[in-house]
Amino acid sequence: MTVAAAATMLFAAEGVTAQETTGDVAQATTELQAPVDGYTKIEVSDLPVTVTKAVEEDKTGADVTEAWVDSENKTFKLTLATEGAEPETAYINAAGEWIEPKE
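For reference, each letter of the sequence shown is one residue, going 217 to 319 in my numbering.
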(Lines of atoms letter the chains of each structure in order from A and count residues from 1; the text may use other names and numbers.)
(Lines give C-alpha, C1' and ligand atoms only; values in the text may rest on other atoms or scores of the structure.)
Protein backbone atom coordinates (compact mmCIF):
# COMPACT_ATOMS: atom_id res chain seq x y z
CA MET A 1 0.00 0.00 0.00
CA THR A 2 2.88 2.36 0.74
CA VAL A 3 4.32 1.72 -2.72
CA ALA A 4 0.96 2.60 -4.30
CA ALA A 5 0.75 5.86 -2.32
CA ALA A 6 4.31 6.80 -3.28
CA ALA A 7 3.62 6.05 -6.97
CA THR A 8 0.45 8.16 -6.86
CA MET A 9 2.32 11.11 -5.34
CA LEU A 10 5.08 10.77 -7.94
CA PHE A 11 2.62 10.85 -10.86
CA ALA A 12 0.69 13.75 -9.30
CA ALA A 13 3.90 15.79 -8.98
CA GLU A 14 4.79 15.09 -12.62
CA GLY A 15 1.31 16.24 -13.68
CA VAL A 16 1.79 19.57 -11.89
CA THR A 17 5.16 20.09 -13.56
CA ALA A 18 3.62 19.46 -16.98
CA GLN A 19 0.86 21.97 -16.27
CA GLU A 20 3.36 24.63 -15.20
CA THR A 21 5.38 24.14 -18.37
CA THR A 22 2.24 24.45 -20.48
CA GLY A 23 1.43 27.72 -18.67
CA ASP A 24 4.86 29.15 -19.58
CA VAL A 25 4.39 28.23 -23.23
CA ALA A 26 0.98 29.93 -23.32
CA GLN A 27 2.45 33.09 -21.80
CA ALA A 28 5.26 33.21 -24.36
CA THR A 29 2.67 32.97 -27.14
CA THR A 30 0.73 35.87 -25.63
CA GLU A 31 3.80 38.12 -25.81
CA LEU A 32 3.99 37.60 -29.58
CA GLN A 33 0.64 39.24 -30.29
CA ALA A 34 -0.02 41.59 -33.19
CA PRO A 35 1.39 45.12 -32.90
CA VAL A 36 -0.58 47.60 -30.84
CA ASP A 37 -1.35 50.84 -32.70
CA GLY A 38 1.24 49.94 -35.35
CA TYR A 39 4.08 49.49 -32.86
CA THR A 40 5.75 46.21 -31.96
CA LYS A 41 7.43 45.86 -28.57
CA ILE A 42 11.23 45.54 -28.64
CA GLU A 43 14.00 45.31 -26.09
CA VAL A 44 15.34 48.69 -24.91
CA SER A 45 18.82 47.42 -25.78
CA ASP A 46 17.71 47.15 -29.44
CA LEU A 47 17.15 50.92 -29.79
CA PRO A 48 19.43 52.72 -32.26
CA VAL A 49 22.29 54.77 -30.84
CA THR A 50 20.69 57.95 -32.26
CA VAL A 51 17.59 57.33 -30.13
CA THR A 52 19.42 56.53 -26.90
CA LYS A 53 21.71 59.55 -27.42
CA ALA A 54 18.69 61.85 -27.90
CA VAL A 55 17.14 60.56 -24.68
CA GLU A 56 20.38 61.18 -22.78
CA GLU A 57 20.77 64.71 -24.18
CA ASP A 58 17.15 65.91 -24.26
CA LYS A 59 15.53 64.02 -21.38
CA THR A 60 18.13 64.40 -18.65
CA GLY A 61 17.66 61.87 -15.86
CA ALA A 62 15.12 59.80 -17.79
CA ASP A 63 15.49 56.09 -18.38
CA VAL A 64 13.78 54.19 -21.18
CA THR A 65 11.79 51.43 -19.46
CA GLU A 66 9.86 50.14 -22.49
CA ALA A 67 10.25 50.54 -26.23
CA TRP A 68 8.20 49.81 -29.35
CA VAL A 69 9.04 50.23 -33.03
CA ASP A 70 6.94 51.03 -36.08
CA SER A 71 9.17 49.45 -38.71
CA GLU A 72 7.17 50.87 -41.59
CA ASN A 73 7.64 54.50 -40.52
CA LYS A 74 10.97 54.02 -38.70
CA THR A 75 9.60 55.56 -35.50
CA PHE A 76 9.83 54.52 -31.88
CA LYS A 77 7.42 54.78 -28.96
CA LEU A 78 9.21 55.02 -25.61
CA THR A 79 8.14 54.89 -22.00
CA LEU A 80 10.43 57.23 -20.07
CA ALA A 81 10.77 57.11 -16.29
CA THR A 82 12.27 59.90 -14.25
CA GLU A 83 12.75 59.63 -10.50
CA GLY A 84 9.91 61.35 -8.66
CA ALA A 85 7.72 61.76 -11.76
CA GLU A 86 5.06 59.76 -13.54
CA PRO A 87 6.29 57.75 -16.54
CA GLU A 88 5.74 59.52 -19.85
CA THR A 89 5.29 58.25 -23.38
CA ALA A 90 7.43 59.90 -26.05
CA TYR A 91 7.79 59.36 -29.78
CA ILE A 92 11.03 59.69 -31.72
CA ASN A 93 12.24 58.83 -35.21
CA ALA A 94 15.34 56.84 -36.13
CA ALA A 95 17.28 60.09 -36.65
CA GLY A 96 16.78 61.01 -32.97
CA GLU A 97 14.17 63.73 -33.62
CA TRP A 98 11.18 63.96 -31.29
CA ILE A 99 7.86 63.67 -33.12
CA GLU A 100 4.14 63.92 -32.42
CA PRO A 101 2.37 60.58 -32.03
CA LYS A 102 0.67 59.24 -35.12
CA GLU A 103 -3.10 59.22 -35.04
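Ideal Cβ placement from N, Cα and C applies to all residues, glycine included.
How far does the beta strand (DSSP E) with residue i in it extend, from its first residue to its last?
i: residue 260; result: Careful: residue 260 lies outside any beta strand (DSSP E) and carries neither H nor E.
i: residue 301; result: Segment: none, residue 301 is in no beta strand (DSSP E) and carries neither H nor E.
i: residue 278; result: 278-286
Is it right to say residue i is buried, meaning 16 or more other beta carbons lie within 10 angstroms of its own, or is it exposed?
i: residue 301; result: exposed
i: residue 241; result: With a pLDDT of only 46 at residue 241, under 50, the local geometry of the prediction cannot be trusted, and no value is derived from it.
Where does residue i sit, in a helix, a strand or coil, going by DSSP?
i: residue 269; result: helix
Taking Cβ to Cβ, would you say residue i is nearer than 8 Å to residue j?
i: residue 284; j: residue 275; result: no
i: residue 258; j: residue 291; result: no
i: residue 266; j: residue 311; result: yes
i: residue 298; j: residue 270; result: no
Is any heavy atom in the ligand ATP found nearer than 7 Å to the beta carbon of residue i?
i: residue 287; result: What this structure holds is no ligand at all, so the ligand ATP is not there to describe.
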